[in-house]
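First to last, the protein sequences are chains A and B. The first sequence begins at 3 in the numbering used here and counts up by one. The second sequence begins at 3 in the numbering used here and counts up by one.
There are 2 protein chains.
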Amino acid sequence: MNGSVEGPLAGLRVVEVSAFVAAPIGGMTLAQLGAEVIRIDPIGGNIDIGRWPLAPSGTSLYWAGLNKGKRSVTLALNSPEGREIATALIAEAGILLTNLPAAEGWMSFATLSQRRADLIMLRLTGTHDGGNAIDYTVNAAVGFPTATGEDERPVNHVLPAWDVAAGLYLCTGLLAAERRRTRTGQGGEVTLALSDVAYATAATLGYVADVQVNGAVRPPLGNWLYGAFGRDFATKDGRRVMLAAISGRQWRAIGKATKLAEKLSLIGQVMEVDMDDEGGRYAAREAIAAVLAPWFAARTLDQVRDALDGSGVLWGPYQDFGQMVREDPRCSTANPMFHDIEQPGAGRLLVPASPLQPAAPPRPAPRLGGDTDAVLAEVLGLSPARIAAYREAGVLARDGG
Amino acid sequence: MNGSVEGPLAGLRVVEVSAFVAAPIGGMTLAQLGAEVIRIDPIGGNIDIGRWPLAPSGTSLYWAGLNKGKRSVTLALNSPEGREIATALIAEAGILLTNLPAAEGWMSFATLSQRRADLIMLRLTGTHDGGNAIDYTVNAAVGFPTATGEDERPVNHVLPAWDVAAGLYLCTGLLAAERRRTRTGQGGEVTLALSDVAYATAATLGYVADVQVNGAVRPPLGNWLYGAFGRDFATKDGRRVMLAAISGRQWRAIGKATKLAEKLSLIGQVMEVDMDDEGGRYAAREAIAAVLAPWFAARTLDQVRDALDGSGVLWGPYQDFGQMVREDPRCSTANPMFHDIEQPGAGRLLVPASPLQPAAPPRPAPRLGGDTDAVLAEVLGLSPARIAAYREAGVLARDGG
Chain A
3 MNGSVEGPLA GLRVVEVSAF VAAPIGGMTL AQLGAEVIRI DPIGGNIDIG
53 RWPLAPSGTS LYWAGLNKGK RSVTLALNSP EGREIATALI AEAGILLTNL
103 PAAEGWMSFA TLSQRRADLI MLRLTGTHDG GNAIDYTVNA AVGFPTATGE
153 DERPVNHVLP AWDVAAGLYL CTGLLAAERR RTRTGQGGEV TLALSDVAYA
203 TAATLGYVAD VQVNGAVRPP LGNWLYGAFG RDFATKDGRR VMLAAISGRQ
253 WRAIGKATKL AEKLSLIGQV MEVDMDDEGG RYAAREAIAA VLAPWFAART
303 LDQVRDALDG SGVLWGPYQD FGQMVREDPR CSTANPMFHD IEQPGAGRLL
353 VPASPLQPAA PPRPAPRLGG DTDAVLAEVL GLSPARIAAY REAGVLARDG
403 G
Chain B
3 MNGSVEGPLA GLRVVEVSAF VAAPIGGMTL AQLGAEVIRI DPIGGNIDIG
53 RWPLAPSGTS LYWAGLNKGK RSVTLALNSP EGREIATALI AEAGILLTNL
103 PAAEGWMSFA TLSQRRADLI MLRLTGTHDG GNAIDYTVNA AVGFPTATGE
153 DERPVNHVLP AWDVAAGLYL CTGLLAAERR RTRTGQGGEV TLALSDVAYA
203 TAATLGYVAD VQVNGAVRPP LGNWLYGAFG RDFATKDGRR VMLAAISGRQ
253 WRAIGKATKL AEKLSLIGQV MEVDMDDEGG RYAAREAIAA VLAPWFAART
303 LDQVRDALDG SGVLWGPYQD FGQMVREDPR CSTANPMFHD IEQPGAGRLL
353 VPASPLQPAA PPRPAPRLGG DTDAVLAEVL GLSPARIAAY REAGVLARDG
403 G
């Protein structure tokens, strides 16, 4: 995509009717790649419009982050006229992405496909069998919290990893379905259960098979890697770093950079393991860490950086969100992915383009409802008089969103 | 995709040269959707071929999980002939997906595009500026471990969430690039840095803006939700459940199902917050939990399930990987996503199809190198004699993988 300003999905139009994280990430990712993504909300916004964190103005930084580059249309979706306009927009676009309950009713595939026979509809659900679920409840069910931290009390992740994965699955599924429609003319409904994303991923990573084949249930390992050497270490100045070796070369680099290769090689004899094998190093991990910990404890983070950067050692500092934003050049405009742009309601922000590079520059999130009139005119060909009549009737918002 | 056995990507051919998690998940996801994905490895396998967990036979359950549905070709990639065959396969397929160092040399876009002008190449790197990185070091840099758990010591996640997200980004980017090539004839190289996936996601979720706009650095909150009510609770029989309310309806359902609505509503007066607002409930979370904890402590998990299922309450049990596999019907063939199939070297396993449903049934991972001769014949038109000569010369493995 070298040198292009336009994203690869230029010309693709998608309607999104959504809330929260997963479906909005799906639409946002497509918008970052050049698709025209029209998010339709009820007048006043959907349930996620005020989600924390907020800017002092009351603008949701969460909503702004998840809806970058989209167009925003608000309609009185509780009225027949509002639903008719939404239906017309969906039929015109030919692709709908949603996480709202839409198995039945006006937004169901059965109803919408009467208006557009080759409609593609991506529908995110909680569980495959109709249950409610969000990232937190899915994560609890799928084993990872019980294997996180150091004891048997489960530890929730903070990253909504299943929502993020589900959003990206929705993109993949949408583009796959659109590819098929281009070749065969056939649309269809594709459903994705948030809980299935989690179960499938646990299985793909071997956790299910390890139980079935070996009867092994992965216990919590704290910050240790599983099956290879890796752990966090404290530095002299109160920082922590993560160190890992998942190849022989990376392992040898640790010995060389710390000048502890000789001591580390003796561990093999002491512990009776093969230190050239990552399983051996995993078995001897406590002894390895005991040799390495004083090296880190004797050095500041800057000294660790000087010694390890460019050495082939796989390592990195822990950073809280503040340190990441204030100290890490990779989280700044020194990284071509990041741009400094104006987000209405929030001011100038560091905003990422798609990490798929090269990418078009990022666009801010819209003002809620800010594109309603333009979209109704462009996509449905409605006249200014017709739009004014809808506004008068309360089908469109009378003041902005 | 109703009723189809074939996936939507039937007819798409991709060559993958990869190791570990992210790029293999990308290729696997495409294969599950019907693409022909040819993974090329050096003879004997790449560095991930023996990664834990293993079956008693020595087969890596990790590798088997991540390479489902692919074809496996092994070549002496350290020889000019092996590289020539790989180059010919890539040129013929027209799409390459890799996470190996390929900025320069025979597998670089510059070199390969001389053989196929409209080549599409997806290349995963560690950091955007050429640094090494894996999920663990990326995660340390990006703030989440410092906000996980209950104190300031960072807690690593166990799910390789950035690898999973990167794999799905690769799918999205590949399909977007292929869509553009179909329309314009133009290929190109797309790079994705694992660390950029993490920084971009942290920004999308509002963590970067919260620092920039509010100077707020999210602290560790244990198992509490941020900005709404949610936490884990212990049951009478020693299990734990996750409970959350991210809508007013879900909040009211908790009061109704536990018959504690009246007490919960009094908390608003006591704590001087608006209990109809999720920010108010977040502020009063300790008091809410104090009211709810005895209700859970007085009931077994089964009793909790009886009271809450079907009530509109958003909740779920914590399960370790064993409980998930042995007790949860959603992680069984009662879920249409899961199938019971034979995985060579591991026996019969519960294997997921794509969570994008309906989906074609899953296919097992190949035997390493098991498709070499068939792929060389089908894709490159090599004769049996030619293949035998390559084998004799050591360009192909003499015995299997």
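Just so you know, even glycine gets a beta-carbon here, dropped at the ideal spot from N, CA and C. Note that the structure is a prediction, hence the values are computed from the model and not measured.
### Task
Using the Cα positions of H341 of chain B and D131 of chain A, report the straight-line distance between them to the nearest angstrom.
16 Å
### Task
Consider the Cβ of D308 of chain B: report whether some Cβ of chain A lies at a distance smaller than 9 Å.
no
### Residues of the region 323-341 of chain B with Cβ closer than 9 Å to any Cβ of chain A, in chain order
F323, G324, Q325, M326, V327, R328, D330, P331, R332, C333, A336, N337, P338, M339 and F340
### Task
Mind listing, in chain order, the continuous beta strand (DSSP E) runs of no fewer than 3 residues lying wholly within the region 315-402 of chain B?
316-319, 340-345 and 349-354
### Task
Could you spell out the range, first to last residue, of the alpha helix (DSSP H) harbouring V210 of chain A?
Y209 to N216
### Task
Have a look at B:E18, B:L121 and B:A93 and flag the residue whose alpha-carbon is nearest the alpha-carbon of L382 of chain B.
B:A93
### Query
Pick from A:T374, A:G396 and A:I389: whose alpha carbon is nearest that of T76 of chain A?
A:T374
### Query
In chain A, which residues lie less than 7 Å from V219 of chain B when you measure between Cβ atoms?
D322, F323 and G324
#### Entry: Nearest-angstrom Cβ-Cβ length linking G190 of chain A and A179 of chain A, presumed shorter than 8 Å
6 Å
### Message
Whole angstroms are fine: how far does the CA of Y201 of chain B sit from the CA of D212 of chain B?
### Response
14 Å
#### Entry: Spatial distance of A299 of chain A from V199 of chain A (CA atoms)
41 Å
### Query
So is the beta-carbon of P222 of chain B under 8 Å away from any non-hydrogen atom of the ligand FAD?
This structure does not include the ligand FAD; it has no bound ligands of any sort.
### Query
If you drop the 5 nearest sequence neighbours on each side, which residues of the same chain put their C-beta closer than 8 Å to that of N141 of chain B?
P147, N158, H159, A163, W164 and A200
#### Entry: A246 of chain B burial status per 10 Å Cβ neighbour count (16 or more: buried)
buried
### Query
Taking 9 Å as the CB-CB limit, is R203 of chain A close to chain B?
It should be pointed out that residue 203 of chain A corresponds to Thr in this sequence rather than to Arg. Answer yes: the Cβ-Cβ gap between T203 of chain A and chain B drops below 9 Å somewhere.
### Query
Grouping DSSP H, G and I as helix and E and B as strand, with all else coil, what is V19 of chain B?
strand
### Task
Answer yes or no: does any C-beta atom of chain B fall closer than 9 Å to that of N225 of chain A?
yes
### Task
Just the C-alpha distance for S81 of chain B and L63 of chain B, rounded to the nearest angstrom, thanks.
30 Å
### Query
Roughly how many angstroms lie between the CA atoms of R220 of chain B and A149 of chain B, to the nearest whole one?
6 Å
### Query
Does DSSP put P296 of chain A in a helix, a strand or coil?
helix
### Expected contact under 8 Å - CB spacing of R242 of chain A and F235 of chain A to nearest Å
7 Å
### Query
What are the boundary residues of the alpha helix (DSSP H) that includes V219 of chain A?
Counting along the chain, V219 of chain A falls outside any alpha helix (DSSP H), and DSSP gives it neither H nor E.
#### Entry: CA-to-CA distance, T127 of chain B to P103 of chain B, given in whole angstroms
7 Å
### Query
For L223 of chain B, which residues from the same chain have a beta carbon less than 6 Å from its beta carbon, with the 5 sequence-adjacent residues on both sides left out?
none
### Query
So, T302 of chain A versus T260 of chain A, is the Cβ gap smaller than 9 Å?
no
### Query
Can you name the start and end residues of the beta strand (DSSP E) that M2 of chain B belongs to?
No answer is possible for residue 2 of chain B: the residues shown for chain B start at 3 and end at 403.
### Query
Using DSSP with H/G/I as helix, E/B as strand and the rest coil, what is V157 of chain B?
coil
### Message
Rounding to the nearest angstrom, what Cα-Cα distance links S313 of chain A and I256 of chain A in this structure?
### Response
8 Å
### Query
Under 9 Å, do G318 of chain B and M244 of chain B count as touching if we go by C-beta distance?
yes
### Query
Name the chain A residues that come within less than 8 Å of Q305 of chain B, Cβ to Cβ?
The contacting residues do not exist; Q305 of chain B stays about 18 Å from chain A at best.
### Message
Considering Cα atoms alone, identify which of A:A399, A:Y284, A:P44 and A:L98 is closest to A37 of chain A.
### Response
A:L98
### Query
So is F22 of chain A in contact with chain B if we call contact Cβ pairs under 9 Å?
yes
### Reduced DSSP category for M244 of chain A - H, G, I as helix; E, B as strand; rest coil
strand
### Coil, strand or helix - L268 of chain A by DSSP
helix
#### Entry: Residue burial classification, P58 of chain B (beta-carbon count within 10 angstroms, cutoff 16)
exposed
### Task
Could you confirm whether any beta carbon from chain A is found closer than 9 Å to the beta carbon of S74 of chain B?
no
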